[in-house]
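Written out below as structure tokens is the structure these notes cover.
2 protein chains.
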Amino acid sequence: MEKTIENLKTLVRAGKGEIPAHRVVLGGTLINVMTSEVYPADVAIYGDTIVAVGDVSMHIGPETEKIDATGKYLAPGLIDGHIHSECSKLSITGYAKAVVPCGTTSMVSGLDEYISVSGLEGLREVFEEIKGVPLKVFWGAPYRTPYTVPQSTVAFNFTKEVHAEVQQWPECFGVWETVREFVTEGDDDTLGAILQADKNRLPVFGCAPMAQGKQLDGYLCGGIRLDHESYTHEEVVEKMRKGMHMLIRESSVTHFLAENIRAVTEVNPYLARRVSFCTDDVTASDVLSKGHLDNVVRLAIAAGVEPMAAIQMGTINSAEAYRIDHMVGSISPGRIADILLVDSPESFRVQAVISDGELVARDKKMIRQLTPPPRSAVLSSELKRTLTRPEDFHYRVGIQKGKAKVLSMDVKGPFVRQRRDVELRVENGVVLPDIDQDVAMVSVLERFGRNGNQSLAFCSGWHLKKGAMASSCAPDDNDIVVMGVDAADMSLAVNHLIQNGGGQVLVADGKIIDFLPLPVGGIVSDEEPEVIARRETELNKAANALGCDLPEPLMYMFFLPITSIPDYAITDVGPVDVQALDTFDPILELVED
Amino acid sequence: MEKTIENLKTLVRAGKGEIPAHRVVLGGTLINVMTSEVYPADVAIYGDTIVAVGDVSMHIGPETEKIDATGKYLAPGLIDGHIHSECSKLSITGYAKAVVPCGTTSMVSGLDEYISVSGLEGLREVFEEIKGVPLKVFWGAPYRTPYTVPQSTVAFNFTKEVHAEVQQWPECFGVWETVREFVTEGDDDTLGAILQADKNRLPVFGCAPMAQGKQLDGYLCGGIRLDHESYTHEEVVEKMRKGMHMLIRESSVTHFLAENIRAVTEVNPYLARRVSFCTDDVTASDVLSKGHLDNVVRLAIAAGVEPMAAIQMGTINSAEAYRIDHMVGSISPGRIADILLVDSPESFRVQAVISDGELVARDKKMIRQLTPPPRSAVLSSELKRTLTRPEDFHYRVGIQKGKAKVLSMDVKGPFVRQRRDVELRVENGVVLPDIDQDVAMVSVLERFGRNGNQSLAFCSGWHLKKGAMASSCAPDDNDIVVMGVDAADMSLAVNHLIQNGGGQVLVADGKIIDFLPLPVGGIVSDEEPEVIARRETELNKAANALGCDLPEPLMYMFFLPITSIPDYAITDVGPVDVQALDTFDPILELVED
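Chains A and B, in that order, are what the protein sequence lines are. Using our numbering, the letters of the first sequence map in sequence onto residues 1 to 593. Using our numbering, the letters of the second sequence map in sequence onto residues 1 to 593.
If you want it as structure tokens, here you go:
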């Protein structure tokens, strides 16, 4: 309901029972996450707000809709504490269709992939789209864009001056994903955003993978409230002892729960109080097959967390971490009516979903129809880039023929690349990729018409045997990333994206093998989740056919430009040594024949 | 430290150990309220900020001051979650001298008594004074002033338009003490203040004594976050089940802990998570003899609360309730360095106090000298009121001689007055007080030169045998309250206050028995706490000598104008029926002789 004095008066009257509720949920058993109690209670809802919990008989009028919850438990709607929904390649509308039936009714997001391709104008269009879906987005303004050191190219640069404006917006609930290095190295825009947030009473969300000891202390002195990325449970424990809220990430590519949750199950059960969950990056197929936050709750229970504590991690703990517990996270009078009907706290199967006071999903299916909005030119997927030639993917060196010792970025996890020294052949002044040694070429091409940047380097771990693959969906810059063992195929892959308005493509032997268009900003699609899930599987199979045996070859590729995790990455300005916070020359030594 | 990018960079560097700490606390055992763990840990402090906890050897430089905590436990500075320090009759400087040695380093306050007598101009002067004391004040802007229905007279009316301005101030951390009736009856200023707070991400603090059931539901639909006033533990439990944070009040006149804490010790230990403490109104003598928040922590432990949970109630729980846990409430890097050295978690004797990074008190004595600031005319104690005559305290009725059946407000507790019907004599057209029946006259006189209002009514319970007593310190309006059994003495008492610039006075047989000047705004004094404590005792003894046998006769009197608690009160506009939210006529029946 719109925030006006008159509406507030109406809600108060509804709470007092002076006007009937629009809906009541009857016969259920309340999972009270505020008090850790479970007891029978009915719920009265007026508009989008819970107005009474307990005996609601006096709230029932002739027009009041009754929702039968007999035999069910009532849990608060789940909160995904940190998610780039864009990485699912689903638009907000498509994403809501996928996750709301799983019980996720709120998410905390930077919407940063939209911003990197379409700036604040595109963001406002996404805010409008959000109003039409039963999934609340608590937006954190990116601490800066791009997130990279050295600075890469995106469509819009988020600065401290931008923060001064956007932190006033009602959609803004904090500062998004403040990467450790930008704090500990004293980046002016980052610290400016933090100071602005302090002034505006907004929390600063962190991103400090592997930060411990003095780097963590320095980071915390910057005023960071929480983190969502710890690689070990010891890291979780240290961060929490030093006062942080911790989100455990269980994404489609990084399964951290089993390890991280040991902080609670093995070290100290009291830590549960400030632990919550996030999925960060998920694929449509994963959500459709396993579920979403509901699955994370189930995993935590399976790992030995008390069901009540696990449900709190999925609801109120996140709400408190983000200071949105006055709106969501519990079934209490005055909160938004996001209520799940679940089979039991132990098995936690979501059977119906009430969001913003409306029954929107039942038996894992949306009841409410969701239609994507018309897309303006702002969120179009035009890639502002001239066509490439095969030579653009030739790594040229100062010798004509011989050997090159090169540093190949060897993939060790979706975000982790380590050094691998390899010796490659040089022919006609070009260092050649090597299928036998598993060394491919990788290139990132700026695609916003800002400077035409292109980088080129070497990578390993994909086991690509032929062809190339490319994506214009590539967090966090969403420049074009292309990987391949054949320069002509790489060029064709990139050109296909440029000519077809973005997406993901696989090429071999001069032919397009498969292509998924991503017409919204070149990063997401308005297709149904089922369609994207099927196409994802097909793309992965096509990549497998080219030799790739990683679990998510395209996803592992499109994370290559992320510079926040050691040791190596690549952006449009070049291959990056993450520890040195600088670009590096992958050619270690040249020996002429 | 001032919030600038350069200072933030410096703090981050100090956290990383690149520049030495100003102070380190060595050899202590940390009470980690974030994780409920107790373990040895040192602390490094830079300026007013904790920059490292654990091994701080690399933070020690040649200039670093070392504080020895060997054999001691380190607890976070205590937070008083709801306090009108003015009611102690101590100025901010005097109050800090009293409570800081007890370990209270933060308080949440509306400073509303200052506002009622001196408006925003006086408030700004108090903010300046606060900068000079080692006691942080997290100010909540009063939801409106006056708090009364019907509206009484104060020097400054806080409206929703004022909220639009002051909620932008860095000193403002929420909306103060939003009384239930103003929400449930839909007061525009109150709801306007709440909406403004929602926009500014500020929490709304409540005041809902005895609110349960539908009134509570309606109140919560107004968006109230917490409450500090429950009369029973069942009330505590209901409020918490409905999603509120609860502060348990243990003031000098209302000892609620023993009863309220049963919500935790008998009903549900998990509730401890969102329970914290406040003292609301304390006397100087009480603080000097028993302690302050430290005493409340000890009382909770004595009542059966685990020491760790009790300490959390006095620190982090309050900080979370008020959303100031990024600043205070725990000993964590990035938080303000408020650290107590205590003997043990179980006995919780505060032996030294570090506030804002500086050692300010040891062995219950201030080390740092505190000097009150010069007072401007804004906070002067001029009572803007012409002198009274004895006739002003004659209750005139329409008969010359006979009997009057009147409603006397019978005191049942410091804030609770109930109906008592008594028959009084009427002579010469005046209803006479009656010592034998314990019926005194009570009058409230507006003192801000706004309208000259004066009310007059009857009260019981003080057992006043002769004379009168008056106070210009009288929350929340701080108009003049006078009670007496002799009209001439009442007039003399009021006139003495007017002629001497406010305070508290006792009169008998036409003579001033005792007088405590309160030269700051007519409500507080810059005298030392010890002086005020002694003078309080003397005033109470003098009141005892007049027959008063209540524990705090003057305090019970000066709470008479508070209209937020049933059943009766009196303000300058007349005696008030709190349930009816209207003035009432105390004359029930007249019988002419």
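For glycine and all other residues, C-beta sits at the position ideal for the given N, C-alpha and C. Everything numeric in this text was worked out from a predicted model, so none of it was measured.
- In terms of Cβ geometry, H292(A) and N260(A) do not form a close pair [threshold 7 Å].
- Nothing from the region 100-134 of chain B brings a Cβ to less than 9 Å from some Cβ of chain A.
- Taking a cut-off of 8 Å on C-beta distances, the region 22-40 of chain B touches the region 60-72 of chain B, as three or more cross pairs fall below it.
- Sixteen is the threshold: when 16 or more other Cβ atoms of the shown chains lie within 10 Å of the Cβ of Q196(B), as they do, the residue is buried.
- Beta-bridge partners assigned by DSSP to F182(A): none are found.
- Selection D48(B), Q369(B), M555(B), L456(B) evaluated against I331(B) yields D48(B) as nearest (Cα-Cα).
- Neighbours of L271(B) in chain A, taken as residues at a C-beta separation under 7 Å, are given in chain order as T35.
- DSSP lists D410(B) as the beta-bridge partner residues of Q418(B).
- C102(B) and Y39(B) have their C-alpha atoms some 23 Å from each other.
- By the Cβ test, the region 366-381 of chain A is not in contact with the region 423-430 of chain A, since fewer than three Cβ pairs between them sit closer than 8 Å.
- In terms of CA proximity to D436(A), V422(A) leads the group V422(A), L123(A), G192(A).
- Nearest C-alpha to V204(A) among V442(A), K401(A), F393(A), T178(A): T178(A).
- When DSSP states are grouped into helix, strand and coil, A155(A) belongs to the coil group.
- If you look at H245(A), you'll find it in the beta strand (DSSP E) that goes 245-249.
- Rounded to whole angstroms, K405(B) and L581(B) show a C-alpha spacing of 22 Å.
- The CB of D188(B) comes closer than 8 Å to the CB of I5 in chain A, given here in chain order.
- Counting C-beta pairs closer than 8 Å gives fewer than three between the region 400-415 of chain B and the region 534-545 of chain B, which falls short of the contact rule.
- For E536(B), the uninterrupted alpha helix (DSSP H) run begins and ends at 529-545, by DSSP.
- Interface flag for G77(B) against chain A is unset, since no Cβ pair is found closer than 7 Å.
- At a cut-off of 7 Å between beta carbons, G357(A) makes no contact with chain B.
- In the structure shown, D227(B) adopts extended strand secondary structure according to DSSP, grouped into three states.
- For the 7 Å CB-CB criterion, E185(A) and W139(A) do not form a contact.
- Nearest in C-alpha terms to D438(B), of all of S285(B), V416(B), D549(B), T283(B), is D549(B).
- Residue nearest to L202(B) within the set G223(B), Q215(B), E592(B) is G223(B) (criterion: CA-CA distance).
- Straight through space, the alpha carbons of V578(B) and I565(B) are spaced by roughly 7 Å.
- By the neighbour-count criterion, in which a residue is buried when 16 or more other Cβ atoms sit within 10 angstroms of its Cβ, G81(B) is buried.
- For S460(B), the CB contacts under 6 Å within the same chain, skipping 5 residues up- and downstream, are S408, D410, R420, D438, V439 in chain order.
- Bounds of the alpha helix (DSSP H) holding Y95(B) are 92-99.
- In the three-state reduction of the DSSP assignment, M1(B) falls in the coil class, being assigned neither a helical nor a strand state.
- According to DSSP, E427(B) shares a beta bridge with V430(B).
- Around the beta-carbon of E181(B), 16 or more other beta-carbon atoms lie within 10 Å, marking it buried.
- The beta carbons of F156(B) and G119(B) sit closer together than 7 Å.
- Look at A52(A): its C-beta is under 7 Å from a C-beta on chain B.
- Proximity to G503(B) across G510(B), M490(B), S491(B), V520(B) peaks at V520(B), based on C-alpha coordinates.
- Taken through DSSP and simplified to helix, strand or coil, S276(A) comes out as strand.
- An exposed status is given to A302(A), since fewer than 16 other beta-carbon atoms sit within 10 Å of its beta-carbon.
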